[in-house]
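Engineer: Residue numbers (the numbering used here): 781 to 1558. Backbone N, C-alpha and C fix where the C-beta goes; we use that ideal spot for every residue, glycine too. Pasting a structure below so you can have a look.
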């Protein structure tokens, strides 16, 4: 009882401290807005930006009123000013590859600090290395680099937590292993089943097919350094023709910087659980080039009784040569390694009975090691016609060894059920894209044609193991998987851009070759090809009203493990996801609100289980629900953002009694209160929620607990070249589990076999402090 009262007091004290900080920050008065207007004339001022808040230089802004017309061109920062007679003014923004936008400003409306948002038919060639087939990405959610510049990342899994967008990502047995990804009522495991979530970094696919631990495994994300993230685009579904395998439940496209704002940058941070992290980068001024070279090192033991001993080292670099005003050639490199121990997924019934600590371990030998490297080249050219040509290629090498013991002593009471999963692979990829703006019956349109090639040579195996020493061979194979694809997509803007149509078609061919080293009868070669149609429609009812209605449809695919394809060639080699979305977005001045309903139909899917080499056939499924996102500026300095994804039903079709899809939450929500722009302060109070969810398709009483976690980040500028950073994770010190699964295990050689829930605990209250130093100017 005394412990409970003490813990309650500590939580109240922490909450009081945080509340005091925010009240202090909010106490500063906002400057008063002054209207530049007289009885005879008025000055209209503002900026022209994209939906992702990027400035648009060189745009023509036209103001007309009472027969008078004034023109100006936006500066490098997107700013403009028009001096016009008083009265109602119609503002029009146009420019090269811009979709023209119009807006009326009434005589009594504020005409300073205007924010005019526009869209590109084709984005400027210098803005991105990433190949994007459409400027009008339906169901697109964009994140800029502010959160990555101003937040301390004590754990690399926190990078995915920033995405929100209905994505629930949970740690799965320790820092070095890929997160378990859940979205739209489906559990993708580590990114590649049940539709999959496709993740790319500068157009390099991170999902690894036929991986030692799981199809579409996303462990390569451990080599991404948060300070280098420039922006992230999140697509709700398989709506873009440029995306193929693993895109059924959407796409996350991470874009990295090509140079840094300062020649030198250093960040050092120290926190709870023996955590230490350092970042150092050099970004020289090279005239006709942009470049950087960076190093990130991270160490932590975590709150576990069996220390993680997690060590991560990443080296990244970029060199972009400007061959001319509209032509670039560049090189990118990324090398990473991580080593870790793991407490595994522990039986939660033993925790409830007091026989095992929440941060205890069943097999201290669990853990792993990863080595990887990627080198890429890219070329891009803006054409005189307003179009663009882009191409990029990469080579990648990775080594992966994971040691796990899920079932303890279920099958082998003498030596235990420990396993080693090995994956050694080479990857090569190449992408091209041509964008051509043109007119269709006088209407602005853009045609996109592109191709993708991705090849994998893999040495993959499963071995029984005790204390990280293998003592046999369960499976081992040399695998060669090849994917070639082409796509075409046509966009057209109708009725003065109030209606926009998008149609696309993608074709993928896959070849699976397996040379089984244990059972030659399981060797062979199989192939398959598939078309994926795409369609999108948006409608803006009135030019002066920032309301857009949309319908999107896309067919996405996810392949299965090549070993399963060859073992059972009659089963589906490629699973399909048909994704339908109806939505609306409203963007009044400075705010944004969107809402959508969706229906997802998935085909049969055969899943290869790398943990034991077995096959599992999953029947057709359906999921439907709704999603909403919002961003509202409460004051000049305070912004509220949030989102919720609610699954109404997720079940296997044609089943009686109905079997429900399990192991994914029906409710995922997030909110953030962000304060910035006062005396160098930036602070963000963030909340994430996951509802409880079922772990069995038939028994609704077997459920995983949900979570509500609050974090806070604070940055204070110490001048132009230094920042103080503070991060508090799990401010309220909630007990929760990031990942929970239901399966049979035996906790000791003499214990009975029990079907039970196993889980990985979330981190408790943790404080991290750091300092960011910047050297030199550009």
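What did DSSP end up calling residue 991 once you bin it into helix, strand or coil?
Structural biologist: Three-state result, residue 991: coil.
Engineer: Quick check: the Cα distance between residue 1454 and residue 1415, rounded to an integer number of angstroms?
Structural biologist: Spanning the two alpha carbons is a distance of roughly 11 Å.
Engineer: May I ask you to report which of helix, strand or coil DSSP gives residue 1219?
Structural biologist: Of the three classes helix, strand and coil, the one that applies to residue 1219 here is strand, per DSSP.
Engineer: Taking 6 Å as the limit between beta carbons, can you name the residues of its chain near residue 1465, skipping five residues before and five after?
Structural biologist: Hits under 6 Å: 1453, 1492.
Engineer: Measure the alpha-carbon distance for residue 913 versus residue 1022 and round it to whole angstroms.
Structural biologist: A caution first: residue 913 carries a pLDDT of 34, below 50, which makes its placement in the model unreliable, though a value can still be read off. If I take the Cα positions, the gap works out to 6 Å.
Engineer: Taking the runs of the beta strand (DSSP E) that are 3 residues or longer, which of them lie wholly in the stretch 1056 to 1094?
Structural biologist: Entirely contained in the stretch 1056 to 1094, the beta strand (DSSP E) runs reaching 3 residues are, in chain order, 1069 to 1080.
Engineer: Could you say which of 851, 1214, 829 lies nearest to residue 894 if we only look at CA atoms?
Structural biologist: Residue 894 has its Cα closest to that of 829, out of 851, 1214, 829.
Engineer: Give the range of the alpha helix (DSSP H) segment to which residue 1347 is assigned.
Structural biologist: It spans 1342 to 1347 - the alpha helix (DSSP H) in which residue 1347 sits, taken as one unbroken run.
Engineer: Thinking just about the alpha-carbon of each residue, which of 899, 1020, 1019, 1034 is nearest to the one in residue 1009?
Structural biologist: Residue 1009 has its Cα closest to that of 1034, out of 899, 1020, 1019, 1034.
Engineer: With residue 929 as the anchor, note down where its alpha helix (DSSP H) starts and where it stops.
Structural biologist: That run of the alpha helix (DSSP H) goes 926 to 930.
Engineer: Bridge partners of residue 1188, per DSSP?
Structural biologist: Partner(s): 1526.
Engineer: Buried or exposed: where does residue 1217 fall if 16 or more other Cβ atoms within 10 Å of its Cβ makes it buried?
Structural biologist: The residue is buried, with at least 16 neighbouring Cβ atoms inside 10 Å.
Engineer: Going by DSSP, which residues form a beta bridge with residue 949?
Structural biologist: Its beta-bridge partners are 961.
Engineer: When the Cα atoms are used, what is the spatial distance from residue 1557 to residue 927?
Structural biologist: When rounded, the distance between both Cα atoms is 22 Å.
Engineer: Would the C-beta of residue 1396 count as close to the ligand GTP, meaning under 7 Å from any of its heavy atoms?
Structural biologist: Because no ligand of any kind appears in the structure shown, any question about the ligand GTP cannot be addressed here.
Engineer: Give the list of continuous alpha helix (DSSP H) stretches no shorter than 4 residues that lie fully inside the stretch 1282 to 1347.
Structural biologist: For the stretch 1282 to 1347, whole alpha helix (DSSP H) runs of length 4 or above, ordered along the chain, are 1342 to 1347.
Engineer: Quick check on the burial criterion: 16 or more other C-beta atoms within 10 angstroms. Buried or exposed for residue 1206?
Structural biologist: With fewer than 16 Cβ atoms within 10 Å of its Cβ, residue 1206 is classed as exposed.
Engineer: Rounded to whole angstroms, what's the CA-CA distance from residue 1073 to residue 1038? Just pull it up for me.
Structural biologist: Those two C-alpha atoms are separated by around 10 Å.
Engineer: Between which two residues does the beta strand (DSSP E) harbouring residue 1361 extend?
Structural biologist: From DSSP, the beta strand (DSSP E) with residue 1361 extends over 1354 to 1366.
Engineer: Taking the CB atoms as reference points, tell me whether residue 1100 and residue 1089 lie closer together than 8 Å.
Structural biologist: Contact: no.
Engineer: Below 8 Å on the Cβ atoms is my contact criterion, and I expect residue 887 with residue 866 to pass it. Report the Cβ-Cβ distance as a whole number of Å.
Structural biologist: Indeed they touch by this definition, with Cβ atoms about 6 Å apart.
Engineer: Measure the Cβ-Cβ separation of residue 1341 and residue 1358 and say whether it is below 8 Å.
Structural biologist: Cβ distance not < 8 Å, so residue 1341 and residue 1358 don't count as in contact.
Engineer: How is the beta strand (DSSP E) around residue 848 delimited, first residue to last?
Structural biologist: 848 to 853 is the extent of the beta strand (DSSP E) around residue 848.
Engineer: Taking the straight line between their C-alpha atoms, what separation do you get for residue 1075 and residue 1220?
Structural biologist: Between residue 1075 and residue 1220, the C-alpha separation is close to 50 Å.
Engineer: Who are the Cβ neighbours of residue 1064 in its own chain at under 7 Å, not counting the five residues just before and after it?
Structural biologist: If we look at residue 1064 and ignore the five residues flanking it on each side, its Cβ neighbours are 1043, 1071.
Engineer: Output needed for residue 1314: all residues of its chain with C-beta closer than 8 Å, excluding positions within five of it in sequence on either side, in chain order.
Structural biologist: Answer for residue 1314: 1018, 1019, 1020, 1021, 1269, 1282, 1283, 1284, 1285, 1286, 1333, 1334, 1335, listed in chain order.
Engineer: If you reduce the DSSP assignment to three classes, tell me which class residue 941 lands in.
Structural biologist: DSSP places residue 941 in helix when its eight states are reduced to three.
Engineer: For residue 1309, I'd like the list of residues in its chain whose CB is within less than 6 Å of its CB, leaving aside the five on either flank, ordered along the chain.
Structural biologist: For residue 1309, where only same-chain residues beyond five positions count, the Cβ hits under 6 Å are 1289.
Engineer: Drop a sphere of 10 angstroms on the beta-carbon of residue 945, count the other beta-carbons inside from all chains shown, and report buried for 16 or more, exposed for fewer.
Structural biologist: Flag for residue 945 reads buried.
Engineer: Applying the criterion that 16 or more other CB atoms from any shown protein chain within 10 Å of the CB defines a buried residue, is residue 1164 buried or exposed?
Structural biologist: With fewer than 16 Cβ atoms within 10 Å of its Cβ, residue 1164 is classed as exposed.
Engineer: Let me know the secondary structure DSSP gives residue 1273 once reduced to three states.
Structural biologist: Here residue 1273 sits in strand by DSSP.
Engineer: Determine the contact status of residue 1302 and residue 1237, defining contact as a CB-CB distance below 8 Å.
Structural biologist: No, they are not a contact pair.
Engineer: Taking the Cβ atom as the reference point for each residue, do residue 1003 and residue 1098 lie within a distance shorter than 8 Å?
Structural biologist: Against a cut-off of 8 Å, the Cβ pair of residue 1098 and residue 1003 comes out as no contact.
Engineer: Spatial neighbours of residue 870 within its chain, please: C-beta separation below 6 Å, excluding the five flanking residues on both sides.
Structural biologist: 844, 884.
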